[in-house]
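Chemist: Protein chains in written order, with my numbering: chain A, 1 to 260; chain B, 1001 to 1282.
Ideal Cβ placement from N, Cα and C applies to all residues, glycine included.
Here you go, one structure.
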Amino acid sequence: MGPLGRARAGRSLVRVEGLTKVFPGGTRALDSVTLDVAKGEFVSIIGPSGSGKSTLLRCINRLVEPTSGRVMIGGQDITAMRGAELRHARRRMAMVFQQFNLVRRSTVIRNVLTGRLGYQEGWRTLLPSFSKEHQDLAWKSLERLEIAEKANVRADTLSGGQQQRVALARALAQDPEILLADEPVASLDPETAVVVLDYLRDMNRRDGITVLCSIHHLELAKRYANRVIAMRLGKIVYDGEPGALDDAAYSRIYGRLGYD
Amino acid sequence: MADSDTTKTARRPTLDELMAESARMTRVQRTRNFLVTAIFIAIVYYTYRKTEFDAGAIISHAENMGRVLGGFSHPDTTQLPIIIKLTLETLYIAILGTTIGAVIAVPLSFFGARNLMRRNPVGTAAYFTVRFLMAVIRSIPTLFWGILWVIVIGIGPFAGVLAVTTFSVGLISKLFSEAIEATDWGPVEALTATGANPIQVVVHAVIPQVMPYMIANILYSFEVNVHSSTILGAVGAGGLGLILLEYIGLFEYPQLAMLLIVVIIMTSTIDYSSAAIRRRII
């Protein structure tokens, strides 16, 4: 852990150790990243495009296979897991995406129900139906995101902000400990972005869900997080209080890249 | 996701260099276009020689054409009952063959979808096996499948149903596989992230996306099958084909005209309504 890191190993919920990802083309998206996130934190991850924010989030739930290094969730090594064990671990980490990634032709409530898929067992997994208990949970999350009146319309008829709220309802239905938010407001206009981030903060505070949120907008990153991590060229170059992000730190993060 | 930042230390090219490169690329492109055009013209000329193409023969044999088409001026309606009976049989063969073919094609098509299968060696092997078998089935026309099934189980419409089924499996599973390959990967990723297993991901993220395309593909295959079923009787596999050959063999052009009128009405009605339905669901 570099001089910027903070010692949180004792009570960390997410622990990333020496995580490196080299894509088949040779791009080193993550370069030995080490990071500890404690339960209940709201962490904003900032940095220029291609700095590795998205890859970091996707390595945590193994949508992307890291090349080397480890990810521990509550002391369990995610990187060593396979099959059902990995799927059970994924239930603890919900994810939302820049493009919402709803099943566009399905209704809103069916989309929220998919948040319960990890909890279905046995022959049930072969059927497109859900038990009463799963349905109740899905409706409750939909109400919580204040979009229950859209439950029976097709997801692709909603606006971007509404779709992201449905995606958050799907995430909440999953009953997660961690929320991985990959540029959740990058496709939204500024007013809608604030609405979506308010829900994210609400999930963080009321449900105690630990949030890791990559975000382009520096002001929003500082406003919502209690900790900001900045990445550049696959490395963490800032890790600290939002208030301590000064001009020097800023130029270290966003300083000219390319032909220099 | 494909992070592309690398520390480039290369010298920045000058504008002159960029312009020279652009001009060079244009030259390469022009040469390539010229060569492709020249090769194509050579191929067309070669086929023209090899197929004994003779536009003059169409003119000099125009009276033959007149005799056949002349039947249309006074189609023979006395044969209408048998024509309609066999037209319906043709339709039944196409409906049943397409349906059974689609049912068999659904599971196969998942194994033939690149995006689902080519993620590990076992899946890749299954993918290539399925794709190869489907290509072999499609390379043999429905009429030849008809001959084969008539040899196996004898003359009659059942052989025709099996011929249409066989060809449909090859056709529909290819179309389905391609529909599956065109699915939006975002929801697949999102559901994987919830802890869903691969079957759940297919049931909840892939099937809802591909369903309308599957129905459209089945309708399209049905159109193709109606067309190929009209000739199946020529090899004894049921439907119109037998009397079609008979009318031609006996120079019964008014009866042939009647048969063709019924076929044209049937196929164009089916093509039109199928296309209208396909437009609506996609």
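Measuring only the C-alpha atoms, how far is Pro1081 of chain B from Leu1259 of chain B?
Modeler: In the second sequence, counting from the first residue as 1, residue 1081 of chain B sits at position 81. In the second sequence, counting from the first residue as 1, residue 1259 of chain B sits at position 259. Near 11 Å, if we compare the C-alpha coordinates of Leu1259 of chain B and Pro1081 of chain B.
Chemist: Report buried or exposed for Glu41 of chain A, applying the criterion of at least 16 other Cβ atoms within 10 angstroms of its Cβ.
Modeler: Residue numbering aside, residue 41 of chain A sits at position 41 when the first sequence is read from its first letter. When all chains shown are included, Glu41 of chain A counts as buried.
Chemist: Using a Cβ cut-off of 9 Å, which residues of the stretch 1091-1107 of chain B contact any Cβ in chain A, in chain order?
Modeler: Per Cβ criterion, the list is empty.
Chemist: Would you grab the beta carbon distance between Ile1270 of chain B and Glu1223 of chain B for me? Rounded to a whole angstrom, and I think it's under 8 Å.
Modeler: Counting from one through the second sequence, the residue named residue 1270 of chain B turns up at place 270. Counting from one through the second sequence, the residue named residue 1223 of chain B turns up at place 223. The Cβ separation is near 6 Å, so the contact holds.
Chemist: Taking the alpha helix (DSSP H) that Leu1050 of chain B falls in, what are its first and last residues?
Modeler: For the purposes of this step, residue 1050 of chain B is identified with residue 50 of the second sequence, where counting begins at 1. Note on residue identity: the sequence assigns Lys, not Leu, to residue 1050 of chain B. That run of the alpha helix (DSSP H) goes Leu1015 to Lys1050.
Chemist: Taking 9 Å as the cut-off, decide whether the C-beta atoms of Asp182 of chain A and Arg58 of chain A are in contact.
Modeler: Reading the first sequence from its first residue, position 182 is the one you call residue 182 of chain A. Reading the first sequence from its first residue, position 58 is the one you call residue 58 of chain A. Yes. Within cutoff.
Chemist: Helix, strand or coil for Arg1012 of chain B, going by three-state DSSP, please let me know.
Modeler: Working through the second sequence from its first residue, we reach residue 1012 of chain B at position 12. Reduced to three states, the DSSP call for Arg1012 of chain B is coil.
Chemist: So with CB distances below 9 Å, who are the chain A contacts of Glu1189 of chain B?
Modeler: Along the second sequence, one-based indexing puts residue 1189 of chain B at 189. Ordered by position in chain A, the residues that pass the 9 Å Cβ test against Glu1189 of chain B are Arg58, Leu63, Met95, Phe97 and Asn101.
Chemist: Would a check of beta-carbon distances place Leu142 of chain A closer than 9 Å to chain B?
Modeler: In the first sequence, residue 142 of chain A corresponds to position 142, counting from 1. Output row for Leu142 of chain A: interface = no.
Chemist: To be precise: take each residue of the stretch 110-133 of chain A, compare its Cβ to all Cβ atoms of chain B, and keep it if any distance is under 9 Å. Which residues remain?
Modeler: Arg110, Asn111, Leu113, Thr114, Gly115, Arg116, Leu117, Gly118, Tyr119, Gln120, Thr125, Leu126, Leu127 and Pro128
Chemist: Please list the partners that Arg82 of chain A has in chain B, where partner means a Cβ-to-Cβ separation under 9 Å.
Modeler: The residue given as residue 82 of chain A occupies position 82 in the first sequence. Going along chain B, no residue has its Cβ under 9 Å from Arg82 of chain A, so there is no contact; the nearest lies around 12 Å.
Chemist: In chain B, which residues lie with their C-beta within 8 Å of the C-beta of His88 of chain A?
Modeler: Walking along the first sequence from the start, residue 88 of chain A turns up at place 88. Simply Gly1195.
Chemist: At a Cβ threshold of 9 Å, is Leu261 of chain A touching chain B?
Modeler: The structure shown has nothing for residue 261 of chain A, since chain A only spans 1 to 260.
Chemist: Can at least three beta-carbon pairs, one atom from the stretch 189-200 of chain A and one from the stretch 13-33 of chain A, be found at a separation below 8 Å?
Modeler: No, they do not touch.
Chemist: For the structure I just gave you, are there three or more beta carbon pairs, one from the stretch 27-44 of chain A and one from the stretch 220-238 of chain A, closer than 8 Å?
Modeler: yes
Chemist: Which of the three DSSP states, helix, strand or coil, is assigned to Gln163 of chain A?
Modeler: As a first step, residue 163 of chain A is located in the first sequence; it is residue number 163 there, counting from the start. The answer is helix: DSSP assigns Gln163 of chain A an H, G or I state.
Chemist: Name, please, each residue of chain D whose Cβ falls closer than 7 Å to the Cβ of Ala1205 of chain B.
Modeler: In the structure shown, chain D does not exist; the protein chains are A and B.
Chemist: Once the 5 residues before and after Ala94 of chain A are set aside, which same chain residues still bring their CB inside 6 Å of it?
Modeler: As a working mapping, residue 94 of chain A is identified with position 94 in the first sequence. Ala171, Gln174, Pro176 and Leu179, listed in sequence order.
Chemist: Which residue comes first and which comes last in the alpha helix (DSSP H) that contains Ala29 of chain A?
Modeler: Taking the first sequence and counting its residues from 1, the one referred to as residue 29 of chain A is at position 29. Per DSSP, Ala29 of chain A belongs to no alpha helix (DSSP H); it is in the beta strand (DSSP E), Arg28 to Ala38.
Chemist: Taking its Cβ as the centre, do 16 or more other Cβ atoms sit within 10 Å of Asn61 of chain A, making it buried, or is it exposed?
Modeler: Here the question's residue 61 of chain A lines up with position 61 in the first sequence. Per the 10 Å Cβ criterion, buried.
Chemist: For Asp156 of chain A, which residues in the same chain have their Cβ closer than 6 Å to its Cβ, ignoring the five residues on either side in sequence?
Modeler: For the purposes of this step, residue 156 of chain A is taken as residue 156 along the first sequence, with counting starting at 1. Arg104.
Chemist: Kindly indicate which three-state DSSP category Met81 of chain A falls into: helix, strand or coil?
Modeler: Here residue 81 of chain A refers to the residue found at position 81 when the first sequence is read from its first residue. Reduced to three states, the DSSP call for Met81 of chain A is coil.
Chemist: For Ala221 of chain A, report the span of its alpha helix (DSSP H) as first-last.
Modeler: Residue numbering aside, residue 221 of chain A sits at position 221 when the first sequence is read from its first letter. Looking at the DSSP string, the run of the alpha helix (DSSP H) that includes Ala221 of chain A is Leu218 to Tyr224.
Chemist: Nearest-angstrom Cα distance between Pro1208 of chain B and Ser44 of chain A?
Modeler: On the second sequence, position 208 is the one that residue 1208 of chain B refers to. On the first sequence, position 44 is the one that residue 44 of chain A refers to. So the alpha carbons of these two residues sit roughly 34 Å apart.
Chemist: Measure from the C-beta of Gln267 of chain A to each C-beta in chain B and report whether the shortest distance is under 9 Å.
Modeler: Residue 267 of chain A cannot be examined here, being either before or after the span of chain A that is shown, 1 to 260.
Chemist: List, in order along the chain, the chain A residues whose C-beta lies closer than 8 Å to that of Ile1199 of chain B?
Modeler: Within the second sequence, numbered from 1, the residue matching residue 1199 of chain B stands at position 199. What Ile1199 of chain B touches in chain A: Thr125 and Leu126.
Chemist: Once DSSP output is grouped into helix, strand and coil, what is the label at Tyr259 of chain A?
Modeler: To locate residue 259 of chain A, count along the first sequence from 1; it is residue 259. Model confidence at Tyr259 of chain A stands at a pLDDT of 38, short of 50, so the residue's coordinates are unreliable and nothing is read from them.
Chemist: Checking contacts by CB at 9 Å: is Ala1002 of chain B closer than that to chain A?
Modeler: For this step, residue 1002 of chain B is matched to residue 2 along the second sequence. For Ala1002 of chain B, the predicted structure reports a pLDDT of 42, less than 50, and the residue's modelled location is therefore unreliable. A value from the coordinates is still provided. Under the 9 Å criterion on CB atoms, Ala1002 of chain B is classed as interfacial with respect to chain A.
Chemist: Return the CA-CA distance between Leu11 of chain A and Ser1177 of chain B, expressed in angstroms with no decimal places.
Modeler: In the first sequence, counting from the first residue as 1, residue 11 of chain A sits at position 11. In the second sequence, counting from the first residue as 1, residue 1177 of chain B sits at position 177. Inspection of the sequence shows that residue 11 of chain A is occupied by Arg rather than by Leu. Whole-angstrom Cα-Cα distance: 48 Å.
Chemist: Once DSSP output is grouped into helix, strand and coil, what is the label at Ala1002 of chain B?
Modeler: Locating residue 1002 of chain B in the second sequence gives position 2, where the first residue counts as 1. Note that Ala1002 of chain B has pLDDT 42, beneath the 50 cutoff, so the model's placement of it is unreliable and the number below is only indicative. Looking at Ala1002 of chain B - three-state DSSP - the assignment turns out to be coil, as it is neither helix nor strand.
Chemist: Can you tell me the Cα-Cα spacing of Gly69 of chain A and Val22 of chain A, whole angstroms?
Modeler: Reading the first sequence from its first residue, position 69 is the one you call residue 69 of chain A. Reading the first sequence from its first residue, position 22 is the one you call residue 22 of chain A. Using only the alpha carbons, I get a separation of about 12 Å.
Chemist: Step through the CB atoms of chain A and report whether any lies within less than 9 Å of the CB of Thr1192 of chain B.
Modeler: Locating residue 1192 of chain B in the second sequence gives position 192, counting from the first residue. Judged by the 9 Å Cβ criterion, Thr1192 of chain B is in contact with chain A.
Chemist: According to DSSP, is Val1188 of chain B part of a helix, a strand, or is it coil?
Modeler: Residue numbering aside, residue 1188 of chain B sits at position 188 when the second sequence is read from its first letter. Of the three classes helix, strand and coil, the one that applies to Val1188 of chain B here is helix, per DSSP.
Chemist: Beta-carbon within less than 6 Å of Ala230 of chain A's beta-carbon, same chain only, minus the 5 sequence neighbours each way: which residues are those?
Modeler: Indexing the first sequence from 1 puts residue 230 of chain A at position 230. So the list reads Ile46, Gly47, Val237, Tyr238 and Ile253, once near-sequence residues are dropped.
Chemist: Rounded to whole angstroms, what is the Cα-Cα separation between Ser1273 of chain B and Thr1051 of chain B?
Modeler: Taking the first residue of the second sequence as 1, we reach residue 1273 of chain B at position 273. Taking the first residue of the second sequence as 1, we reach residue 1051 of chain B at position 51. Taking the straight line joining both Cα atoms gives about 37 Å.
Chemist: Output, in chain order, the set of chain B residues within a Cβ distance shorter than 9 Å of Ser44 of chain A.
Modeler: Translated into the one-based positions of the first sequence, residue 44 of chain A becomes position 44. Correct list: empty, because the minimum Cβ distance to chain B is about 19 Å.
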